[in-house]
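Residue numbers (our numbering): 4 to 152.
Listed below in structure tokens is the structure:
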């Protein structure tokens, strides 16, 4: 029991050596016990508060990690959509050029800017150009199919 005395806090009045050491130790222990229990309860409350604070911080950290992952996901998604948009825009431009070319040609497939010529020459050229026009239409259809694919 003498070793315990070293750990107790004594009031100045109880530090004197007396013959009734047992009573002094018992009384001192009661004082220290009240002090210790109060201090223990305070420490316990502080400990519980720290645990709650840590839990809140862990939750916030988890939310932050999830938010960062979500931002990264949407950045990737945006990049993919932007790339697809560029591809679609390029295809649309090609298609518009093809439509513009088709609109600039007349029904026979001859460029509408051709100068009128005599009926005789027109007849001969029409026969020659009909075959050529047919081949030209075939090439245009093939190029449009390539655009779709």
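Glycine included, C-beta positions come from ideal geometry on N, C-alpha and C.
Close beta carbons around residue 71, own chain, < 8 Å, minus the five adjacent residues each side: none
Roughly how many angstroms separate the alpha carbons of residue 48 and residue 55, rounded to a whole number? 11 Å
Does DSSP classify residue 117 as helix, strand or coil? Note on residue 117: pLDDT 49, under 50, position unreliable in the model; no value is reported.
Please report the distance separating the alpha-carbon of residue 94 from that of residue 104. 15 Å
Under three-state DSSP, which class holds residue 107? helix
Suppose you measure from the CA of residue 65 to the CA of residue 59; what does that come to, to the nearest Å? 10 Å
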